[in-house]
Structure formats: C-alpha cells, structure tokens
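Numbering (UniProt numbering), first residue to last: 1 to 343. Here's the structure, in structure tokens; my notes come after.
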C-alpha cells in the first residue's frame, strides 16, 4: 500500500481494463495527483489518483462517500461528471470529465471578470445553480472555493468539483473547509463546541467567491476577529465599499451575504434572484474619483499571499486614498514612502 499522498508519476500506466492511458500531470496537492487520461479515440479525461487506504478505515470510508455523493450530483450540467472509479492495492482512480480551461482562481488572477457584469452573472450564476442543485438533493459542499470550480476552454462554462468534504448532514460541530471561505460560525465551531448549519455556510463561501470575482481579491484572510480586515468590517461594514471598486448595489448584497447571524443571512434562492437583477457590480470610477493613475500590487489591498500578487493589480488614485483616513493608515503603514514618490 502506497504511503499517503505519495503519488508517483504514473504517466503511461493503463487503467480501466486497458481503455485509458495516463499522460501528463494536470495538478497535485494534499489529496493526491490528477493526470490527463486518454482513450484510443483521443477522448480526454481527468483522472484523480489517491492513495489506497485500509478497507473499512475512516479515510477509506470518506473516499467511498465522496465518490457516491459526486456520482449522485454529476447529472447537473455545471457539476464535473464522474465517469468511473476503480482501485488496486496502491491507488484509487477517479475518472472525471476533463475541463481544459483550468480553474476559476486562474481566471480571477487574470482579472477576467473586472468590469464585466454579464460575465460575472454567467459564471457565478452557473456556480450558484450547481450549489442550489446540491442543496435540493440534500448535499452540502463545505469546500466551495475558486480552486474547486473548473472552467471550459473558452471560459464560458463553470463546473463544480471536489466533493471530498461534502456531507448529507444539515449541521455540524466541526470546522471543515478552507479558512478563507469559511463562515464565522464554521470557524468557531470546533473551539466553541457549537453546531452550525451547512446551507448558510455554503452561502458565505459563495459570497467570498463573488467578492473575489468582482474585485480580484478576497475581502479578508479569515472571517475571524484576529484578522484585521474582518475586524474592521465588523466595526464598519462601509469599509468594504471604501476599499473595493464595487457598486453600491453589489456592496449591499455582500453585506447581506456577510451577515454574522446565519439565521438572517441571505438564502441561496434569494442570492440567485438578486445577482440576476444586478445592474452592475462595478463602480463608475471616473465619477467617484477612482480613475486609475497607477496600478500597484500590494498585499495590504489584495489581501493575498505575496506569491499570488504578481499577476493582479488594482488601480489607485492618490488623492482618493489621501481623503480616506483608513486607507491612508493602512497603505502608509505598509508602503512607507512609496506613495509619496508617486504623488
């Protein structure tokens, strides 16, 4: 049995009774490794390889549950289709639809959606449709993030994938997911031994994804008071509007998504309706004094790890920044004299 996560390069290996040959690696992570698989007629698939676990063990049961839930959800047009699954003594092989357009995160780092309200409605609408379908079937994803949303080659279609943390339980007392996209109640669940509902938690994650699409940045690193950006938002929600070049209507929607009490958070059907009726997600920067003068990539604004910054920029107008005390304080503390040289 292979060590956990020790997935070697198995390019050339033949699986599924000789029907699929593994080729280059498409991606890898803590889950294992994804190869491009190809049939004799040149049909391509994404083949996810994971280490085989002892039958009956918690990890083996979790793998089986993921496959079952993904298979049940796969009929929706915006959910990655799972075609087959098999295993040997070392690995589990999951054969899925190949999405050659990469993931949503890659499209966001290229600012593909900035200024494109129709494009946001199209892709985010497809993601919401997929999540809503899951909820209607009694399945909650619990790990919604741009990395788990795959794209078609032309970027016009989105497909929800990775059901590794999904569940049919409506609530939990365990913190599960990726911290950037978890709701406050999810983040606090394990430490406070407090139950939270999965449906509002998925809606919160969708809100972070939407905010990232329309601004090319996450609003905070984690929805916890130890995060300075989230703490600022809790004290003054208007900070989000002052910080990001989004419309008033988009700001109000985000505030309704980022409602701390999940009982009063916007529901997924309501979210779908409001996104469909949105006039624009973006502010008229010329009228608001945000005309781009210089594009500066800084983590104080993008709130990302430095490794992610080089591909993304947000326009700044120094006069606008100077009029906003909170901006001035944040930018000044981070950049020192840099802005002084740009005035």
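Every residue gets a Cβ at the ideal spot worked out from N, C-alpha and C, and that includes glycine. Keep in mind it's a predicted model, so treat the numbers as computed, not measured.
Distances from the alpha-carbon of residue 247 to those of 117, 184, 167 put 117 closest. Counting every other CB atom within 10 Å of its CB across the protein chains shown gives residue 92 a total of 16 or more, marking it as buried.
Taking 8 Å as the upper bound for CB-CB distance, residue 101 and residue 151 are in contact here, some 3 Å apart. Only exposed fits residue 9, as fewer than 16 other CB atoms lie within 10 angstroms of its CB.
Setting aside the 5 residues that flank it on each side, residue 69 is surrounded in the same chain by 139, 163, 166, each with a C-beta closer than 6 Å to its C-beta; the list follows chain order. One alpha carbon belongs to residue 234, the other to residue 128, and they sit about 26 Å apart. Ranking 19, 121, 26, 90 by CA distance to the CA of residue 281 puts 121 first. Excluding five sequence positions before and after residue 28, the CB atoms of its chain that fall closer than 8 Å to its own CB belong to 7, 34, given in chain order. Cβ neighbours of residue 222 within its own chain (closer than 6 Å, five residues either side excluded): 179. Residue 254: member of the alpha helix (DSSP H) spanning 248 to 257, first to last residue. A residue is called buried when at least 16 other Cβ atoms come within 10 angstroms of its Cβ; residue 193 does not meet this threshold and is exposed. Looking only at 125, 26, 15, the smallest Cα-Cα distance to residue 103 is reached by 26.
Secondary structure remark: continuous beta strand (DSSP E) runs of at least 3 residues inside the stretch 154 to 217, in chain order: 158 to 160. Under the three-state reduction of DSSP, residue 125 is assigned to helix.
Excluding its 5 nearest sequence neighbours in each direction, residue 114 has C-beta neighbours in its own chain below 7 Å: 216, listed in chain order.
Residue 31: not part of any beta strand (DSSP E); DSSP gives it neither H nor E. Annotation: the continuous beta strand (DSSP E) that includes residue 45 extends over 44 to 51. Look at residue 81 here: in three-state DSSP terms it is coil, with no helix or strand label.
Taking C-alpha positions only, residue 80 is separated from residue 98 by approximately 8 Å.
Boundaries of the beta strand (DSSP E) around residue 93: 91 to 97. DSSP lists no beta-bridge partner residue for residue 102. Here residue 238 is exposed: its Cβ has fewer than 16 other Cβ atoms, across all protein chains shown, within 10 Å.
Just so you know, the alpha carbons of residue 72 and residue 134 end up roughly 9 Å apart. Here residue 265 is buried. Its C-beta has 16 or more other C-beta atoms within 10 Å. Assignment of residue 119 by DSSP, reduced to helix, strand and coil, places it in the helix class.
Looking at the DSSP output, residue 133 sits in no beta bridge, so it has no partner there.
CA-to-CA, the gap between residue 278 and residue 250 works out to about 8 Å. Per DSSP, the continuous alpha helix (DSSP H) segment holding residue 271 begins and ends at 268 to 276. DSSP places residue 150 in the uninterrupted beta strand (DSSP E) bounded by 149 to 151. Sorting 125, 170, 176, 190 by C-alpha distance to the C-alpha of residue 209 places 125 at the top. In this chain, residue 140 is not harboured by any alpha helix (DSSP H), its DSSP state being neither H nor E. The DSSP-derived three-state label of residue 264 is helix.
Secondary structure note for residue 235: its alpha helix (DSSP H) is the uninterrupted segment 228 to 235.
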